[in-house]
Amino acid sequence: MNAAAPAIEVDSIVTRFGEQTVHDGVSFTVPRGQVVGVIGGSGSGKSVLVREIIGLLQPTSGRIRVLGTDVWSASEEEMAALRQRFGMMFQDGALFSSLTVEQNVATPLIEHARVPPHLLGPLVRLRIALAGLPTEAATKMPSELSGGMRKRAAIARALALEPEVLFLDEPTSGLDPITARAFDRLVRFLCDDLGLTVLLVTHDLDSLLGIVDRAIVLSYGKVIADGPVKEVCRVDDPWLQSYFHVRRMLEG
Amino acid sequence: MDTQHHFCRLEQREGRATLFLAGDWRLQQLAEIDAALAAAGMTALPLTLDGAGLTALDTAAALALLRRTAEGGAGIDGLANFNASHTRVIEAVRGRLLDTVSEVRPVHHGPLALIGMHVIDFRGLMEGHLSFFGRSAAALGDVAWRPRTLRLKELTAQFEQTCIKAIPVVVLVTFLIGVVLAYLFGMQAEKYGANILVVDAVAIGTCRELSPIIVAVIVAGRSGAAFTAQLGTMLLTEEIDAIRTLGLSPMQVLVIPRFVALVVALPLLVFVGDISGMAGAMTVANPLLDITPTTFIERVHAELSIDHVWVGLVKAAVFAAFIAIIGCRMGMTVSRDSRSIGINTTSTVVQCIVSVILLDAFFAILFQELGI
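Residue numbers (the numbering used here), protein chains in the order written: chain A, -19 to 232; chain B, 244 to 615.
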């Protein structure tokens, strides 16, 4: 275990699906304890990138390290150990529909941690509370939850094993602005108080301006900007300018 | 070093207690940490936590710590020598400690209550089927009144799926059933030199009972399940809502084409099954029982009254109506998650097969009384 390694290192990633090139040399490093947002237009390969980082999809070439472990050359054991050190929230939660919220959160704990039986229940409910869900939600089935609650339940499950890195795929999409801002505060709390590193893919300008320490902008397969949001919005790029322009119009 | 002192050590002095924490307090060592806390023996004295020796603290370990101290009745008086991040973790967990207590006990029901609940569920199911049947009948009447509302394209697509594509499996299964029957009857009939009666038995048995039942079971598993899965998925993806919103009736667009297609398809498949079953018997009759195909066909001609065939076909149409209604209704009543599609599909197949057998028993009595 490499304690000093950065949370995420992405080194000249190239991804091709047949003729189509999604990433053409994407590189960046995420140090620990930051909230980093990846933005880009639809189809710019943001979600693909996250899937590559967590080891679900193999890039055509390039190297990806998470917490010092090379995701695509690690042995199955190393990868299994690594998987317990990061959590992922999929876009629509991807909760197991046959289990209650409580059982969903308990699944990784039962599979991977030796939790004393009398602490399992409290620990699961602590995760649910940390994710900002009301206690009553614990015994509900995923189908009985609203979209925002499903996302929180998914975060609770992603937090189960005390991950060091958390990946969020469009955490605020489909949420109303008030719920979305509450979600932003949750992400900030996870980073500031629990010390997690968060990489989130987003379209939401408000979360970008509100909580992200640093933004990485993908366009046509390349990183066209990387830095604090204030700097990123000054970068001279047509897509980026029209993206931030919407905001300026609204604010007059 | 023994684990207890490794993780924590309690010191009491002048009515105050201090719990010294040390080492890696992480989820992976939770069992040891909890045991160490239990062994340290909590007091009810005001307690100060000293975190000077802590190298890591996560929320799971903090939870174990706070629960153990609370169990001892100790009020945490203060945190000493904690670094900022560990303090934040402690505070984050402390703020939510009450949420972790509420133990929601699952309700357990006795056997009698379970039976009662199943009976009520069953009644609801039957009522639902009946009302769905009523609505289908009304929609069907509507279509009969205004034939232009029948969706011919969907109807033919369904017919292709449920009938044409089912022919190979129906032919294979009924052919083999015919072979088996000829063997079974043949062995008995040979003892009495009554070989030729095998033809009667196979012909009548296949047309009247076996082909309708076997084919209906195949279709229940093929098309009944498919209806439930298709309509269930359409419901989940809100396609059925979209159909309604566009001012169309899901009954007209989805249910009626499937219903009509299946009611036409099943008798046709049964007829295919009749022929194929007899062909199977004929194939083995020659080597096994010295009945040549010519003799076989002549005997069928002489002995198989057309009534037997009609009985099978009429039954098939009724089976088809039940399979279509059950399949469609179970599809339109999935709850909004992917799991219930599986549950409802299974339920459709079971309900269809059971109702086919029940109907068959009913028809056996009915035709007996009518003397057909």
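Even for Gly, the Cβ is constructed at its ideal location relative to N, Cα and C. Here the structure is a predicted model, which means the values were calculated and not measured.
Counting only Cβ-Cβ distances shorter than 9 angstroms, please list the residues of the segment 567 to 583 of chain B near chain A, keeping chain order. Going along the segment 567 to 583 of chain B in chain order, one finds Ser578, Arg579, Asp580, Ser581, Arg582, Ser583 with a Cβ nearer than 9 angstroms to chain A.
Can you give the beta carbon distance from His249/B to Ala265/B, rounded, assuming they're within the 8 angstroms contact cut? In the second sequence, residue 249/B corresponds to position 6, counting from 1. In the second sequence, residue 265/B corresponds to position 22, counting from 1. Confirmed, Cβ separation roughly 7 angstroms.
Residues of the segment 303 to 329 of chain B whose Cβ lies closer than 7 angstroms to any Cβ of chain A, in chain order: For the segment 303 to 329 of chain B, the residues whose beta carbon sits under 7 angstroms from a beta carbon of chain A are, in order, Ala303, Leu306, Ala307, Arg310, Ser328.
For Phe250/B, decide whether its Cβ has a neighbour in chain A, counting only Cβ atoms nearer than 8 angstroms. One-based indexing of the second sequence puts residue 250/B at position 7. For Phe250/B, the answer is no, since every Cβ of chain A falls outside 8 angstroms of its Cβ.
Note down the Cα distance separating Arg451/B from Thr417/B, rounded to an integer number of angstroms. As a working note, residue 451/B is residue 208 in the second sequence. As a working note, residue 417/B is residue 174 in the second sequence. Taking the CA atoms as reference points, Arg451/B sits about 13 angstroms from Thr417/B.
Could you check whether the Cβ of Leu273/B sits closer than 8 angstroms to any Cβ belonging to chain A? Counting from one through the second sequence, the residue named residue 273/B turns up at place 30. True, the Cβ-Cβ gap to chain A drops below 8 angstroms.
Per-residue DSSP class, three states only, for Glu254/B: Along the second sequence, one-based indexing puts residue 254/B at 11. Glu254/B: strand per DSSP, three-state reduction.
Work out the CA separation of Gln14/A and Ser199/A for me, nearest whole Å. Mapped onto the first sequence, residue 199/A falls at position 219. Mapped onto the first sequence, residue 14/A falls at position 34. Going by the C-alpha atoms only, they are around 22 angstroms apart.
The segment 578 to 592 of chain B in contact with the segment 472 to 491 of chain B per 3-pair CB rule at 8 angstroms: As far as the Cβ criterion goes, the segment 578 to 592 of chain B touches the segment 472 to 491 of chain B, which means the pair count is three or higher.
Reduced DSSP secondary structure (H/G/I, E/B, other) of Ala444/B: Taking the second sequence and counting its residues from 1, the one referred to as residue 444/B is at position 201. Assigned with DSSP and collapsed to three states, Ala444/B falls in helix.
Keeping to the same chain, check which residues put their C-beta closer than 6 angstroms to that of Ala323/B; ignore five residues upstream and five downstream. Along the second sequence, one-based indexing puts residue 323/B at 80. Closer than 6 angstroms at Cβ, skipping near neighbours: Thr291, Asp293.
Compare the C-beta of Gly127/A with all C-beta atoms of chain B and state if any pair is closer than 8 angstroms. Numbered from 1 along the first sequence, position 147 holds the residue referred to as residue 127/A. No, no contact with chain B.
I'd like the span of the beta strand (DSSP E) that includes Trp388/B, first residue to last. Position 145 of the second sequence, counted from the first residue, corresponds to residue 388/B. No beta strand (DSSP E) holds Trp388/B; the alpha helix (DSSP H) holding it covers 354 to 388.
Helix, strand or coil for Val30/A? Go by DSSP, reduced to three states. Position 50 of the first sequence, counted from the start, is the residue given in the question as residue 30/A. Residue state, collapsed to three classes: helix.
Under a CB-based cut-off of 8 angstroms, is Arg487/B close to chain A? In the second sequence, the residue the question calls residue 487/B occupies position 244. Judged by the 8 angstroms Cβ criterion, Arg487/B is not in contact with chain A.
Using a C-beta cutoff of 8 angstroms, does Pro122/A count as contacting chain B? Here the question's residue 122/A lines up with position 142 in the first sequence. At least one chain B Cβ lies under 8 angstroms of Pro122/A.
Return the CA-CA distance between Pro455/B and Ser519/B, expressed in angstroms with no decimal places. Here residue 455/B refers to the residue found at position 212 of the second sequence. Here residue 519/B refers to the residue found at position 276 of the second sequence. C-alpha separation (whole angstroms): 13 angstroms.
Alpha carbon to alpha carbon, how far is Thr405/B from Asn438/B? Residue numbering aside, residue 405/B sits at position 162 when the second sequence is read from its first letter. Residue numbering aside, residue 438/B sits at position 195 when the second sequence is read from its first letter. Cα to Cα, Thr405/B sits roughly 38 angstroms from Asn438/B.
Locate the beta strand (DSSP E) running through Ile196/A, then write down its first and last residues. Position 216 of the first sequence, counted from the start, is the residue given in the question as residue 196/A. Segment 194 to 199, the beta strand (DSSP E) holding Ile196/A.
Thinking just about the alpha-carbon of each residue, which of Val181/A, Trp219/A, Ile196/A is nearest to the one in Arg31/A? Along the first sequence, read from residue 1 onward, the residue named residue 31/A stands at position 51. Selected option, being the one with the closest Cα: Val181/A.
Between Asp48/A and chain B, is any beta-carbon pair separated by less than 8 angstroms? If you number the first sequence from 1, residue 48/A lands on position 68. The question names Asp, yet the displayed sequence has Gly at residue 48/A. The beta carbon of Gly48/A does not come within 8 angstroms of any beta carbon belonging to chain B, so the residue lies off that interface.
What are the boundary residues of the alpha helix (DSSP H) that Phe402/B is part of? Counting from 1 along the second sequence, the entry for residue 402/B is found at position 159. 395 to 405 is the extent of the alpha helix (DSSP H) around Phe402/B.
Determine, using beta-carbon pairs with one atom in the segment 458 to 473 of chain B and one in the segment 595 to 611 of chain B, whether at least three such pairs fall under 8 angstroms. With the cut-off at 8 angstroms, the segment 458 to 473 of chain B and the segment 595 to 611 of chain B touch.
8 angstroms is my cut-off, CB to CB: does Asp484/B come that close to chain A? Residue mapping note: residue 484/B aligns to position 241 of the second sequence, counting from 1. So, not an interface residue.
Are the segment 354 to 365 of chain B and the segment 122 to 129 of chain A touching by the rule of at least three beta carbon pairs closer than 8 angstroms? By the Cβ criterion, the segment 354 to 365 of chain B is not in contact with the segment 122 to 129 of chain A, since fewer than three pairs of Cβ atoms, one from each stretch, lie closer than 8 angstroms.
What is the C-beta distance between Ser7/A and Val203/A, in whole angstroms, given that I count them as a contact (C-beta under 8 angstroms)? Reading the first sequence from its first residue, position 27 is the one you call residue 7/A. Reading the first sequence from its first residue, position 223 is the one you call residue 203/A. For Ser7/A against Val203/A, the beta-carbon gap comes to about 7 angstroms, under 8 angstroms, which counts as contact.
Across the segment 179 to 198 of chain A and the segment 143 to 162 of chain A, are there enough close Cβ pairs to call them in contact, namely three or more that are closer than 8 angstroms? Taking a cut-off of 8 angstroms for Cβ pairs, the segment 179 to 198 of chain A and the segment 143 to 162 of chain A touch, as three or more such pairs fall below it.
Looking at the C-beta of Thr177/A, does it have a partner C-beta in chain B at a distance below 8 angstroms? The residue given as residue 177/A occupies position 197 in the first sequence. Chain B, which has no Cβ nearer than 8 angstroms to the Cβ of Thr177/A, makes this no.
If you drop the 5 nearest sequence neighbours on each side, which residues of the same chain put their C-beta closer than 6 angstroms to that of Ser77/A? For the purposes of this step, residue 77/A is taken as residue 97 along the first sequence, with counting starting at 1. Within the same chain, Ser77/A has close Cβ partners Pro122.
Which residues, taken in chain order from the segment 129 to 145 of chain A, show a beta carbon closer than 7 angstroms to some beta carbon of chain B? Within the segment 129 to 145 of chain A, the qualifying residues are Leu141, Glu142.
Run through DSSP, which three-state label would Gln64/A get? Sequence index remark: in the first sequence, residue 64/A carries index 84 (1-based). In this structure, DSSP gives Gln64/A a state outside helix and strand, which the three-state scheme calls coil.
Residues, ordered as in the chain, of the segment 84 to 113 of chain A that lie near chain B by beta-carbon distance below 7 angstroms: Answer set for the segment 84 to 113 of chain A: Ala93, Arg94, Val95, Pro96, Leu99, Gly101, Pro102, Leu103, Arg105, Leu106, Ala109, Leu110.
Mind the definition here: the segment 485 to 500 of chain B touches the segment 391 to 400 of chain B only if three or more C-beta pairs lie below 8 angstroms; say whether that holds. Touching, per the Cβ criterion.
Where Met(-19)/A sits in the DSSP three-state scheme: Locating residue -19/A in the first sequence gives position 1, where the first residue counts as 1. For Met(-19)/A, the predicted structure reports a pLDDT of 46, less than 50, and the residue's modelled location is therefore unreliable. The matter cannot be settled from this model.
Distance, Cα to Cα, Glu91/A vs Val423/B? In the first sequence, the residue the question calls residue 91/A occupies position 111. In the second sequence, the residue the question calls residue 423/B occupies position 180. Their Cα atoms are separated by approximately 50 angstroms.
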